[in-house]
Each structure stands twice: as C-alpha cells, then as structure tokens.
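Undergrad:
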Amino acid sequence: MSEKISLTCIGCPLGCTVNVVKSGNTIESISGNTCKRGYDYAQTEVLAPVRTVTSTVRVNGGRNPVVAVKTEAPIPKGKIKDCMKAIYNIKVNAPVAIGDVICDNIADTGVRLVASAND
Amino acid sequence: MLYDVIIIGAGVSGSAVAREVSRYDISACVLEKCEDVCEGTSKANSAIVHAGFDAAEGSLMAKLNVEGNEMMDKLARDLDFPFRRNGSLVVMFEGDDRSKLEELLERGRKNGARDLRIIEKEELHSMEPNIADDAVAALYAPTAGIVCPFNMTIAFAENAFANGVEFRLNTEVKAITASKEGYVIEAEKHEAFTGPETVRIETKAILNAAGAYSDVIHNMVSARTHHIKPRRGCYFLLDKTAGSFVEKTIFTLPNEMGKGILTAPTVHGNLLVGPDAKDIDNRDGVNTTAEELELVRASANRNLKNPPLRSVITSFAGVRAHEDSGDFIIEECPDAEFFFECAGIESPGLSASPAIGKMIAGIIADRFGAVRKNEYIETRKGVLNPASLSDEERSELIRKNPAYGNIICRCEMVTEGEIIDAVTRPLGARSLDGVKRRTRAGMGRCQAGFCSPRTMEIISRECGIPLYHVTKSGGASALIPNETLNDKYVIG
Amino acid sequence: MYDKRDIIIIGGGPAGIAAAVSAYDRFREAGIAKPSILVIERDKVLGGILNQCIHNGFGLHTFKEELTGPEYAGRFIDKLKERNIEYMLETMVMSITPDRKVTAMNRERGLFTIEAKAIVLAMGCRERARGALNIPGYRPAGIYSAGTAQRLVNIEGFMPGREVVILGSGDIGLIMARRMTLEGARVKVVAELMPYSGGLKRNIVQCLNDFDIPLKLSHTVVDIKGRERVESVTIAEVDDKLRPIPGTEEEYTCDTLLLSCGLIPENELSNGAGIGMNPVTNGPFVNESMETDVPGIFACGNVLHVHDLVDYVSEEAGNAGLHAAMYCLGQISSGSANEKVINVKTANSVRYTVPSVIRPDQMGDELTVRFRVGNVYKNCYIDVYLDDECIIHRKRPVVAPGEMENIVLKKEQLTGRKIENVRVELDINE
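Quick note, the sequences are listed as chains A, B and C, same order.
Residue numbering for the first sequence follows this note's numbering, beginning at 1 and increasing consecutively.
Residue numbering for the second sequence follows this note's numbering, beginning at 120 and increasing consecutively.
Residue numbering for the third sequence follows this note's numbering, beginning at 612 and increasing consecutively.
1) Among residues of its own chain, excluding the 5 on either side of G624 of chain C, which ones have a beta-carbon nearer than 6 angstroms to its beta-carbon?
2) Is P625 of chain C close to chain B, meaning its C-beta is less than 8 angstroms from at least one C-beta of that chain?
3) Taking 8 angstroms as the threshold (C-beta atoms), are P384 of chain B and N205 of chain B in contact?
4) Looking at A629 of chain C: is its Cβ nearer than 8 angstroms to the Cβ of G894 of chain C?
5) Buried or exposed for S434 of chain B, please, with buried defined as at least 16 other CB atoms from any protein chain shown within 10 angstroms of its CB.
6) Helix, strand or coil for M734 of chain C? Go by DSSP, reduced to three states.
7) Is the Cβ-Cβ distance between I539 of chain B and I577 of chain B less than 8 angstroms?
8) V154 of chain B by DSSP, collapsed to three states: which one?
9) Judging by CA-CA distance, which residue of C:E926, C:V965, C:T859 and C:G680 is the nearest neighbour of N765 of chain C?
10) I'd like to know whether the C-beta atoms of I325 of chain B and A306 of chain B end up nearer to each other than 8 angstroms.
11) Could you give the DSSP three-state label for G611 of chain B: helix, strand or coil?
12) Go through its chain and collect everything with a Cβ distance to I380 of chain B's Cβ below 8 angstroms, but skip five positions before and after it.
13) Are G883 of chain C and D904 of chain C closer than 8 angstroms when you measure CB to CB?
14) Our contact map puts T724 of chain C next to Y613 of chain C with C-beta atoms below 8 angstroms; I'd like the distance itself, whole angstroms only.
15) For E305 of chain B, report the span of its beta strand (DSSP E) as first-last.
16) Going along the chain, which residues of its own chain have a beta-carbon closer than 6 angstroms to the beta-carbon of K359 of chain B, five neighbours each way excluded?
17) In the segment 874-905 of chain C, which residues sit with their C-beta less than 7 angstroms from some C-beta in chain B, listed in chain order?
18) Establish whether the CB of Y608 of chain B and some CB of chain C are separated by less than 8 angstroms.
19) Check each candidate in C:T892, C:G885 and C:L819 and name the one with the smallest Cα separation from L874 of chain C.
20) CB-CB under 6 angstroms to C664 of chain C, same chain, minus the five flanking residues each way: which ones, in chain order?
21) May I ask whether a heavy atom of the ligand FAD can be found less than 7 angstroms away from the beta carbon of L414 of chain B?
22) Report the three-state DSSP secondary structure of V905 of chain C (helix, strand or coil).
23) 8 angstroms is my cut-off, CB to CB: does R653 of chain C come that close to chain B?
24) Mind checking whether I706 of chain C and L880 of chain C have CB atoms under 8 angstroms apart?
25) Span of the beta strand (DSSP E) holding G352 of chain B?
26) Mind reading off the beta-carbon distance from V53 of chain A to I80 of chain A? Whole number of angstroms is fine, and I expect it under 8 angstroms.
27) Between the alpha carbons of P248 of chain B and Y354 of chain B, how many angstroms are there, rounded?
28) Starting from the Cα of G784 of chain C, find the closest Cα among C:Y992, C:K852, C:G809 and C:G642 and give me that residue.
29) For T543 of chain B, which of helix, strand or coil comes out of DSSP?
30) To the nearest angstrom, report how far apart V844 of chain C and R797 of chain C are at their CA atoms.
31) Does DSSP put I1030 of chain C in a helix, a strand or coil?
32) Taking C-alpha atoms, which residue in B:C528, B:A548, B:E581 and B:R549 lies nearest to R564 of chain B?
33) So P857 of chain C contacts chain B; which residues on that side make the cut at Cβ distance below 8 angstroms?
34) Going along chain C, which residues have a C-beta under 8 angstroms from T574 of chain B?
35) Return yes when the Cβ of I730 of chain C is within less than 8 angstroms of the Cβ of V713 of chain C, no when it is not.
36) To which residues does DSSP link M888 of chain C through a beta bridge?
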C-alpha cells in the first residue's frame, strides 16, 4: 500500500512542493523538487524527521527565573511533546553556563539537554 | 460613617469638585468604578482649553468655559500640570459660508472670550504654513490652550486627597435609596483578582459626576429622567517628529455634531488629529472603527498640506456624554433634595472643569451652610520630570537617588525614579496605564513594547504584588493572566 | 575637559560587539597596545535581542554551525572580554552631537559626556506597534509585539496568554507561534497581510506546519474585541490594494494578539545629530566605509537597515568598526569635497542598497553591497551596471522581500576610469 506525502522544501526561499510516494519504509518516488537538496530533504523528512528543541527551564537563584536550553542534537520529531513534558519538570540551580548538561538523556531520546545561555 | 457628600465619578469634573469641596468644612468621599482616577471621558478627548466662542450665549457651557479658561494659568502653576496657551484658529476654506465665521466671532465676544479676531488669508498662511492652500480666513483666539488632561485630573484628585477627601476606587454604584439622613448607596467593590463585594455607604448628599453614566445615576433618584447619548470620537496621535506640524489648534467650521475634526499639538510635543462624532449605544464603546478613522484621516488630508499621518503612533476613541438638553446640568436636582448634578459634561467640559468645580462646590457649601477650613493646601507637586532640570541638577538628583539615572521608557526617556514616584505617591498608579498617564512611560513611539515588562517589575516590587497581578488598567486586564501560567512558572 | 575615547560604540548587541572587536584588532595591528574603545549598552547584559532568541539557526555563515541566539552572542562577548574592551551596562545614551560628544546617563555616574574621535551607531531596531498599523478596535491587555512576548516567555519566564492569534508572518512571529505552542498555548492562526510570508521557509514548516497552525496569506486584523483583556480578534481577507474585503471576516476567540509586523531602526540619536536618513530603510545613508554623512560617525546592524541574518550583521559591523579605527588612525579620509564619489542607484524593484555611495579610492579590494527587493520574483537576474555597462548578470531562482541579497564589487572594476553611477536592478523579464 503506497502513501503519498506532500512537503514544502526548506532548503531555500523557493519552497518547492515535493511529492513523495512511499511504501512502508521504502521511498518509491520523489518529484517536484528542483535540486538535489530538495531530494535529500524529502528523504529525511519522510523517513526520519528530526528537530532541535529549544526551550527554557526554571532556575533557582539566577539573574532571571528561567534559563535557555536546547537538545544537543536533533531528536525525532515525534518526541517533541515528550521532550517538552520532561523540560517542564526540570529545575536547576544557578550558576548555569552555556554547555552545562541539564539532562543526560531527555525523554529517552539518548540526546543530552544542555544550557544554551548563562545565568 | 455618615459622609456629608459622596462624589460619584473621579473624572475631571468629580475631581475638580472634590478639590473645591475640600476647601470647606465638609466630609467628602469620591467613588470611582475604575481602578484609577481619569479613566473615562477625561482620558480620551482633545486635550484642549477652548477660548469660549462655541457655546450658545447665556448657556452654562459658555459661561463656565470662559471662566475655566481664565483660571487655567494659576491652576497649572498651583497644581503643577502642563498647560500652554497656543491659540486656536477656526479655519474657513473656499466655498465655506463667511457669515458663520462672523457669527462665531460675535458669539465669542458676547460670551466674554478675549482678543478674538478674524484674520485673512495672508496672515493665516504665514501663521500656519501647513494649512491647505484654499484656506481663506480664520477666527483667531489667542487665549485658547492645550493641557495634559491626565495630569490635570490627577492633580485635582491628589490635591483634594491632600485636603482630606477620601477616594474609593474600584467601587461601582449599583443603587441609591433615600434615607432619613440623606441617601444610602449600594456599591460593588471589585478589586482585581478578588471576588466582588457589596458595600453600603451612607451620606447626607450626593454629587453626580458620573460622566457617560450620569443619567443612569440621576435616574436612580429622580423621576425627571435624564438621557445621555454616548457620542464617540476617534483620534490619531502622531509621533513627536510631527509635533510642530501646526503651532495652533486648527478647527474647521462647526456642524451640528460638534466642533469638527481638529489638529493640535499636545503639551508633550506630539500631534493630535480628531475626533469624528458618531452616536453609539454603548457608553463604554471606546473602540475605534476603520470607517471613523478613515473620516479623521480624510479630514486631515482635506484641511492640511500633506499631514504626516505616516507618523501615527496610536489611535484611540473617547465617548462624550452628550445630554439631550445640549447644555451642562449643574444644579441641585429639583425633585431630590441634596442630590447635586454635574451632568452632560461634554466639550468644553475639560476647559470648564475648574469653574464647574467652583460653582457646584459653592452650591453644596451654601446648602450645608459650611464654612471654609483654616488649613487648606493650595498647591501640589506632580511627578518630577528630570528632563526639566539642568545637567548639574540632574546629576545631583541621581547621586541622591540613583533610580533617576535608570531609563525605563527609552522613547519618552522616563526613569525608574519617576515611575517609583508615580506608584508610591498618594492615589498612586497601580497599573501600566496608570503609570503611563502619570509619567508618559509607554506613551512613545514603541507604545510600551520595550518598557512594559520592566514597568511591570517596578509596579510588582513597589506594590508588593506578584508580577502576574499587574494589570494594564485594573479589573480583568491582567497582562499575564494567572490562570494561563504554566505550573512551572507559578512562583511560590 | 571631557573624558575622551578613540571610539564610542552605542549599543552592545551583535553589531556593537562585532564593531568593537574589529576596531580593537585594527588598532593593535597599527601597534597601539591599549586601544581606547568604549561600548555603551542600555540593558543589564551584553548581547542585545539575541539573548531572548533562544531558538537555533544562528551562525551558519560565521561559525559553520547552528547556534541559539545566546550562544551566538556568547561567542562574540567572549571575544570582547578576551580583548578587555571597556563596556558600560545599564547606561543610556541621551544624545550625540555632530562633533562626536556622547552624553549618557546611568545610576552610578549620573549624566556625563565623553568625547570620541569616532562613533559607531549600533542601537538596533524596534518593532512596529499596533498604533502604527492602524488596527481598529478596543485597546485591552493582551496585545503584545512578538518580541515583547518573546522576552516575557524566554527571559522572565511568564506566558502572556493561552489562546493566541498572530498578525504578521515574519520570522519572529513564526518563532513565537512555535514557542507559545510548546509552552502549552493554542495558536489559532497566523495572518499575513501580504500574499507571501516574510519568514524563512524553514520557519513556516517547522514552526507552523509541524503544529498544524494555519497561515492565512492576504489577511489582516480588522477588529479587536474585549475592553479589559482581549476576547476575540477578527481577521479578513484583503484585496490587491491591501484593503479588507467586506464579508470575509472571521472572528477568533482568543486572549492574546501578537504582532510581528516589521522592524524600524531606532535612529532618534542619529536624527539628533543631524545625520542624513534614507527614507526607504529609516537608517542613515552610509558610504563604502559604513560612515554616515557626518564625518567620523559610522553605522551598522539593524540601526542601519533591518537584517535577516545576524551573520550579516556581524560582518557589516566588523567592517564599520574597522573603518572607525582606520578613521582614528588617519588611514581613511573623510568626505573632502573634491573626492571622487560613485552613487549607487537602484531600479526595477531593488528598494535600496547599503552603501549608497562608494569612494573607490577608499574601498578595499572587494566591497559587499547589500540590498532588498520589493516583491517575490522567480527565475530573475540581478544586474549591476557601471553607467551603461552591465558587469554582473546573476541568475536567482527566487528573490523575496524577506531575504537580503548582495553583490560584490571589486576595486579594479571601479578605478582607473570615470564612473558616475553604479546601478543595481532586477531583470524579471524571463
């Protein structure tokens, strides 16, 4: 059973609509892209889309009530919600510096959550 | 406690009356439904002190306008609010009826407005080069002025407070019944973030200064009903870069809906254009509409040469309390003893307010047989504006109080010191809008984009309330609604 | 009698810091051990607006990696601190004069004046407010510019509302749509006045599509209801003259309206010094050295023209700082009347260029000219003419108003002959 997916390429301002036909985990065809980047983007986006999550966590004793954090690497797109739920419950103590590890394995993604600001 | 007089409404009329009443040996209390003084018509109008030629000869409007105008210089000095006699022009264009201009001149002279004269094209265009080319003549009134309506109202209120008048804010009158002593007022107290609470207030007399609601209040006690028709006007406020586009207040010939759409500098250096006039049903209908703003825009484009409307920083609307009789109603109610009226106060109400206050306070004092107090504080100091100081004085001020060295509102260059003063003084600000009216923080070209989080912090700190209890203008105007906070952000 | 510095830089955001670093390095190259440079910043920390831009995507050009805003700022702040460049925080510049006296104020020093050999303007920009957009309706709480909301959420840790409508699809608006959603708000719609989005495709996909937030192009806000707090926002479709079409109104119940409708350079200080302004950018006119028409006063970053990428801000600001130092060192001249000057003209949908004049004698080997276009065009060419001779004819698959374009001119192209004008234009007849 093949599935048709329509994507907007983010490679450049052109924003090509790329149509992908896939069956299970196999891509049958990619069309509508006008360059190689569009092809690659569509492939990743359909098979294993990932996103870097950036947010804030509460900080005790800092200059501000919150400090910025990010996933050190992109995580699966489907994990964004779980990641945010985990982030809601994190509290850290000042001082916090850019690069400090806030959580070793955020929402079981195997990715570290690190501070992306100083406080 | 039984008061001598309860004043309903802390707009410019109620506040002016409160100040005048406080000269006498009379216990007085002001009830205001909003969280601050100067919240209704008094905060959204043309900020003009009229010369006094518009109103019909013999009317209260005519008499009190001219009297109020003459009182303004001393008042502005005594009470420390900005006022400037910039003069006004009623301009006629090609095709307009010249006899109407002469009529205004004649009426103005009879009303007692001083130094009026008609000027012709050449003088007019040299006086105001940005008036449209087909302007042919104008009625020039050198005594007309511009004022800060917020500071004037707040000044009246603060001075009344200093002389013993009590103010109860967030207190809305719901019902009035006659009693043996006078009247019992049932009011609802609605502080932000707490449930409403019903309070009973007993008083010998009432002064109704409820603005657009003055008919509602009146009709609670009198069978001779009043009827206010809310009349909305929309305005554009332009950046200070446009503030010197005209020097005088520019009117066009009046029509049946009012004095037409004017262009005027403000005492703070902005330019104000408006209002239109639209009869509406909602007394609180202070929303602008696209159609009305377009009318204002078209009028400015008609009367002026390339008006800088690209520099608009905000638009707003006010509701005038137009009473069917067409004149101010200032009297003791004929069928309700000790119920005094200050109703139908539309333009020129701001100009007339000092005289209105004096007149009605006189009536009340006579009725009570009250005498003047020996101790009366005539003057009041406003929030210090450091920009008015020399560089040396300013540095000295910052040495004494470093908060005056910390700019919070970068558009209007308002310091933390001024905001703290506005919040901590008697009858001080409790909201962003309250701070704005007292200090101009947030009134500039970025319209509080940068300073509102910082002003909120100062209010929170100085008032000892959590940040999420800071409102824009009281009531349900929370800036960070409590119920929308994420759990993680609720600070214990 | 006044305190003195060689260079005063007004603003400690990305532009100001990059200018300070490159000015410092040029002074050191010239053998000056302790360059006299002062950065004046009004906020409590250096870094400017980057501190609240906690999303990633910064620095791909400069550092070849994707950083968040605070991380990008951090790298430049480190460079500033390594060099021990002097800076003042929580200090507001009140005025500058054409003879380069800077009057500033803070809690500790009160009001004070410092005289500089050169000034670099790096004050940044502000967001266009509701009033300037002429949106009718009530004026309740709950109307925020996207940047104010960003500060509240990312720095102060507060949510400004729960049910949100966003007007404007610039990148800040899109980023805030995602940010508010991640924090539990419901973003109901993003309305965009123009028939195209001003934001990056990547942000439309990752900030809107990922969360099923609808984007309505050619729509604007026509009414705001709610006297105390926003209760609803009505949007309507607009025609090709951007006027709302009656009958297309849709009312959205919400408690918050975010505005992301353009940025305006903050040039009040520049105006006070009588610096000539370009009405298209609302920033100063500058020459190839990033110098304004007032000698010794340079400009860079968003106070000069609003940028899309911070990488370009850093590059341009580095150039401004370099030339400010060269000015102090007497290595460039400043505006003598008989100097040879080439005007940079624009045509065919090129809205402006920075710089707008070039003195070939003063330019380096290469000069980047940045510009923006007025509409979206596909398969067009960027053409550059020296008077009537076309020297660049570069194909672009797409250009858009939201993306800054640039061309590079070489010194040898502009010297050795008489040229009146350089003209940058789009060739859209393909």
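Note that the Cβ used here is the ideal one computed from N, Cα and C, for glycine as well.
TA: Looking at the coordinates:
1) G659 and G735
2) no
3) yes
4) no
5) buried
6) coil
7) yes
8) A quick correction: the sequence has Glu, not Val, at residue 154 of chain B. In the structure shown, E154 of chain B sits in coil (DSSP, three-state: anything other than H, G, I, E or B).
9) C:G680
10) no
11) With a pLDDT of only 31 at G611 of chain B, under 50, the local geometry of the prediction cannot be trusted, and the value read off the model is given with reservation. G611 of chain B falls in the coil class under three-state DSSP.
12) T371, V392, G393, P394, D395, L414, V415, S418, A419 and N422
13) no
14) 5 angstroms
15) Y302 to K308
16) G388 and N389
17) none
18) With a pLDDT of only 42 at Y608 of chain B, under the threshold of 50, the placement of this residue in the model should not be trusted, and no figure is reported.
19) C:T892
20) G680
21) With respect to the ligand FAD, the structure offers nothing, as it holds no ligand at all.
22) coil
23) yes
24) The sequence given here has Ser at residue 706 of chain C, not Ile. For S706 of chain C and L880 of chain C, yes; Cβs fall inside 8 angstroms.
25) I347 to L357
26) 6 angstroms
27) 23 angstroms
28) C:G809
29) helix
30) 14 angstroms
31) coil
32) B:C528
33) Near P857 of chain C there are no residues of chain B at all, since even the closest Cβ is about 10 angstroms away, more than 8 angstroms.
34) Those do not exist, as T574 of chain B stays about 12 angstroms from chain C at its closest Cβ, beyond 8 angstroms.
35) yes
36) C:P895
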